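Taken in sequence, the protein lines are chains U and Z.
Numbering follows numbering that gives the first Met the number 0, in which position 74 of the first sequence is assigned residue number 73; successive positions increment by one, without gaps.
Numbering follows numbering that gives the first Met the number 0, in which position 154 of the second sequence is assigned residue number 153; successive positions increment by one, without gaps.
All C-beta atoms in this analysis are idealised placements derived from N, C-alpha and C, irrespective of residue type, glycine included.
None of the values given here were measured: they were computed from a predicted structure.
Here is the structure we will look at.
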Amino acid sequence: MKRALRELAGGLTSLLTGMKITLQQFFKPDVTVRYPHESLKMPKRYRGHIVFVREPETGRSLCVACKSCEKACPSECIVVNGVKKEGEKKKSVTDFKLDFTKCSLCGSCVEVCPTDALEFSKQYNLASTTKTEYLQIDLVKRLEEGK
Amino acid sequence: MTLPEPFRLVAFLVGTLAFVGLNAAYLVWVERKGAARFQRRPGPTEVGPAGLLQPIADALKLLSKQVLVPPDADRILFRVAPILVMSPGLMCLATIPFGEQLAARNLDLGLIMVFAFGSINVMAIMLGGWASRNKYAIISAARIVSQNVAYEIPMLLVVVTLLMSTGTTNLQEIVRQQAGGFWNWNILRLGVNPLMPITFLIFFTCMLAETNRAPFDMAEAESELVAGAFTEYAGMGFGVFFMAEYANVLVGCSLATILFFGGWQSPIGILSGVGWFLLKLYTLIFVVVWVRWTFPRTQFYRLLNLSWEILIPISLVTLALTSVMLKLFGK
Numbered sequence: 000m001k002r003a004l005r006e007l008a009g010g011l012t013s014l015l016t017g018m019k020i021t022l023q024q025f026f027k028p029d030v031t032v033r034y035p036h037e038s039l040k041m042p043k044r045y046r047g048h049i050v051f052v053r054e055p056e057t058g059r060s061l062c063v064a065c066k067s068c069e070k071a072c073p074s075e076c077i078v079v080n081g082v083k084k085e086g087e088k089k090k091s092v093t094d095f096k097l098d099f100t101k102c103s104l105c106g107s108c109v110e111v112c113p114t115d116a117l118e119f120s121k122q123y124n125l126a127s128t129t130k131t132e133y134l135q136i137d138l139v140k141r142l143e144e145g146k
Numbered sequence: 000m001t002l003p004e005p006f007r008l009v010a011f012l013v014g015t016l017a018f019v020g021l022n023a024a025y026l027v028w029v030e031r032k033g034a035a036r037f038q039r040r041p042g043p044t045e046v047g048p049a050g051l052l053q054p055i056a057d058a059l060k061l062l063s064k065q066v067l068v069p070p071d072a073d074r075i076l077f078r079v080a081p082i083l084v085m086s087p088g089l090m091c092l093a094t095i096p097f098g099e100q101l102a103a104r105n106l107d108l109g110l111i112m113v114f115a116f117g118s119i120n121v122m123a124i125m126l127g128g129w130a131s132r133n134k135y136a137i138i139s140a141a142r143i144v145s146q147n148v149a150y151e152i153p154m155l156l157v158v159v160t161l162l163m164s165t166g167t168t169n170l171q172e173i174v175r176q177q178a179g180g181f182w183n184w185n186i187l188r189l190g191v192n193p194l195m196p197i198t199f200l201i202f203f204t205c206m207l208a209e210t211n212r213a214p215f216d217m218a219e220a221e222s223e224l225v226a227g228a229f230t231e232y233a234g235m236g237f238g239v240f241f242m243a244e245y246a247n248v249l250v251g252c253s254l255a256t257i258l259f260f261g262g263w264q265s266p267i268g269i270l271s272g273v274g275w276f277l278l279k280l281y282t283l284i285f286v287v288v289w290v291r292w293t294f295p296r297t298q299f300y301r302l303l304n305l306s307w308e309i310l311i312p313i314s315l316v317t318l319a320l321t322s323v324m325l326k327l328f329g330k
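Structure representation (structure tokens):
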């Protein structure tokens, strides 16, 4: 009898403790983010597909078309072409295609670049109905369009 | 203000239907918002300000769905069940006194009527499960019957305990007896029965079980029975069951307010009125939501054990204690 009563009291107390905990949570702020309306800032080390770094003064790419990235890429998903314009010391890039269907985001291209012209984007929600859209991501065009 | 009888009838009919409909729809919103708060999310926000139009959007979606009846189902019972399940919510509110003058019918046997119609809820869910001709639905129907048998007993024992001290089944009269301040409410009438708060706890637990609310929602145990008795219901058939759950919670909480918390009486003895009734009612409903989002669903045998091993013995003790106290100290 005594034991049964003690068990009963213990059970009731544990129920009330549980209710106290949930009530405390009730008055605390939300922990979720209302995704389409707001999204979290991606962390510094997040790796999206690579993009050109914009030169602050001219707005052009820092790329000198040296093809180091093309050689460094283990999946061979980068194709770079460039020309030497008249009156300029360095070559400049005319064509930079990334096959994102093969890229494994290893970062060798970013690491090897002598002019630090490449960086990871913070794009985490790429979506497409066709595969072809990501076969040739044109980095030069992206830079010109100001994305 | 007293209207002529036919107008009074229509006014109360419309009022009760509107009150039940509005509550059934918007308690779903309250539940979803409450669940969200307890889990620290915002809940429905997209449809209307603070998601307030969400129940309407849900209803429109459910209404636009096809009404399906399984080929092997008992067609009549299958269709009748969702109609029956709404009836206790509508019928019981006829005798619930919202204010001193605000009651559709002040029946002398009000309390008995509420319990008589309250049981239809369980019967309707059972019929729905039975008529569906679905394994899960039939298991659910069997569960709800044994659950109802188990919890009706302590609930009625508690009510008998209360009736012994009030001496009337007229709900309006029960509320009047609790006038004058919160120390006169039945839950604090320790002179009649020192275990009165525990009696309320038993009543509240049984109310949760009778209305199939978590943690006692064995009839609709999704993880075990798909959707239990509602498995075969599509569109608004399911919607009505869903709304009826809240209508029944509304009746249960109204009854708890009247029996234990003095109905429309003010806690300080002045300014009594319908506002107090609604305040107490919605506080209790909040507690119901709170309980649901705190405790996980119990196992079925534990549910029955709780009733037969704990609630029934304790309610018998309170019953005996009240009779002894009344005999010794009188009224």
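Item to check | Gln-24(U): contacting residues in chain Z (beta-carbon distance under 7 Å) | outcome: Phe-37 and Arg-39
Checklist entry - beta strand (DSSP E) containing Ser-91(U): first to last residue? => result Here the beta strand (DSSP E) through Ser-91(U) covers 91 to 97.
Checklist entry - Ends of the alpha helix (DSSP H) at Val-109(U)? => result 107 to 111
Checklist entry - For the 8 Å Cβ check, are there 3 or more pairs between the region 278 to 292 of chain Z and the region 236 to 243 of chain Z? => result In short, these stretches do not touch, since the Cβ pair count stays below three.
Item to check | Beta-carbon spacing of Ser-145(Z), Leu-303(Z) below 8 Å | outcome: Contact: yes.
Checklist entry - Expressed to the nearest angstrom, what Euclidean distance is found between the alpha-carbon atoms of Val-19(Z) and Pro-81(Z)? => result 15 Å
Checklist entry - Along chain Z, which residues have their Cβ under 7 Å away from the Cβ of Lys-27(U)? => result Arg-39
Checklist entry - Looking at the C-beta of Ile-309(Z), does it have a partner C-beta in chain U at a distance below 8 Å? => result yes
Next on the checklist: Can you check which of these residues, Ala-24(Z), Leu-187(Z) and Gln-264(Z), is closest to Phe-276(Z) by C-alpha distance?
Outcome noted: Gln-264(Z)
Checklist entry - Given Met-235(Z), which residues of its chain have a CB within under 6 Å of its CB, disregarding the five upstream and five downstream residues? => result So the list reads Leu-61 and Leu-62, once near-sequence residues are dropped.
Next on the checklist: Using a Cβ distance threshold of 8 Å, determine whether the region 101 to 116 of chain Z contacts the region 161 to 172 of chain Z, with at least three qualifying pairs required.
Outcome noted: Output reads yes: the region 161 to 172 of chain Z touches the region 101 to 116 of chain Z.
Checklist entry - Looking only at DSSP bridge pairs, what is Ile-49(U) linked to? => result Phe-119(U)
Item to check | Cutoff 6 Å; reference Leu-249(Z); Cβ partners in own chain excluding five residues on either side | outcome: In chain order, Asn-22 place their CB closer than 6 Å to the CB of Leu-249(Z), counting only its own chain and leaving out the 5 sequence neighbours on each side.
Checklist entry - Quick one, which of Ala-126(U), Ser-74(U) and Ser-91(U) has its alpha-carbon nearest Cys-108(U)'s? => result Minimum Cα-Cα distance from Cys-108(U) among the listed residues Ala-126(U), Ser-74(U) and Ser-91(U) corresponds to Ser-74(U).
Next on the checklist: Phe-202(Z) and Met-154(Z) - do their beta-carbons sit closer together than 8 Å?
Outcome noted: yes
Next on the checklist: Our contact map puts Leu-97(U) next to His-48(U) with C-beta atoms below 8 Å; I'd like the distance itself, whole angstroms only.
Outcome noted: 6 Å
Checklist entry - Around the Cβ of Trp-129(Z), are there at least 16 other Cβ atoms within 10 angstroms (buried) or fewer (exposed)? => result buried
Next on the checklist: I'd like to know whether the C-beta of Met-41(U) is nearer than 8 Å to at least one C-beta of chain Z.
Outcome noted: no
Item to check | Chain-ordered neighbours of Thr-21(U) on chain Z, where CB pairs are closer than 8 Å | outcome: The contacting residues are Phe-37, Trp-289, Trp-292 and Thr-293.
Checklist entry - Would you say Leu-4(U) faces chain Z, with C-beta separation under 8 Å as the test? => result no
Item to check | Proximal residues to Pro-69(Z) (C-beta, below 8 Å), its chain only, five neighbours per side dropped | outcome: Phe-77, Ser-131, Arg-132, Asn-133 and Glu-231
Item to check | Interface flag, Thr-44(Z) vs chain U, CB-CB below 8 Å | outcome: yes
Item to check | Cβ of Gly-9(U) within 8 Å of any chain Z Cβ | outcome: no
Checklist entry - Is any heavy atom in the ligand NAD found nearer than 7 Å to the beta carbon of Ser-253(Z)? => result In terms of ligand content, the structure shown is empty, and the ligand NAD therefore cannot be addressed.
Item to check | Residue burial classification, Pro-87(Z) (beta-carbon count within 10 angstroms, cutoff 16) | outcome: buried
Next on the checklist: How far does the beta strand (DSSP E) with Val-273(Z) in it extend, from its first residue to its last?
Outcome noted: Per DSSP, Val-273(Z) belongs to no beta strand (DSSP E); it is in the alpha helix (DSSP H), 273 to 291.
Next on the checklist: Let's see if you can read the secondary structure: which residues bound the beta strand (DSSP E) around Val-191(Z)?
Outcome noted: It is not in any beta strand (DSSP E) - Val-191(Z) carries neither H nor E in the DSSP assignment.
Item to check | Length-filtered (3 minimum) beta strand (DSSP E) runs lying within the region 213 to 254 of chain Z | outcome: Counting only runs that start and end inside the region 213 to 254 of chain Z, there is no beta strand (DSSP E) element of at least 3 residues.
Checklist entry - Between Gly-272(Z) and the rest of its own chain, which residues show a CB-CB distance below 7 Å, the 5 nearest in sequence each way excluded? => result Gly-98 and Trp-263
Next on the checklist: So, at 7 Å on beta carbons, what are the nonlocal neighbours of Ser-103(U) in its own chain, with the 5 sequence-adjacent residues on each side left out?
Outcome noted: Ser-74
Checklist entry - Are the C-beta atoms of Val-30(U) and some chain Z residue less than 8 Å apart? => result Chain Z, which has a Cβ nearer than 8 Å to the Cβ of Val-30(U), makes this yes.
Checklist entry - Between which two residues does the alpha helix (DSSP H) containing Asn-22(Z) stretch? => result 4 to 37
Item to check | Status (buried if at least 16 other CB within 10 Å, exposed otherwise) for Thr-15(Z) | outcome: buried
Checklist entry - So, helix, strand or coil for Ile-309(Z), using DSSP? => result helix
Next on the checklist: Counting C-beta neighbours from all protein chains within 10 Å, is the total for Gln-53(Z) 16 or more, i.e. buried, or is it exposed?
Outcome noted: buried
Next on the checklist: Please classify Ser-139(Z) as buried or exposed, where buried requires at least 16 other C-beta atoms within 10 Å of its C-beta.
Outcome noted: buried
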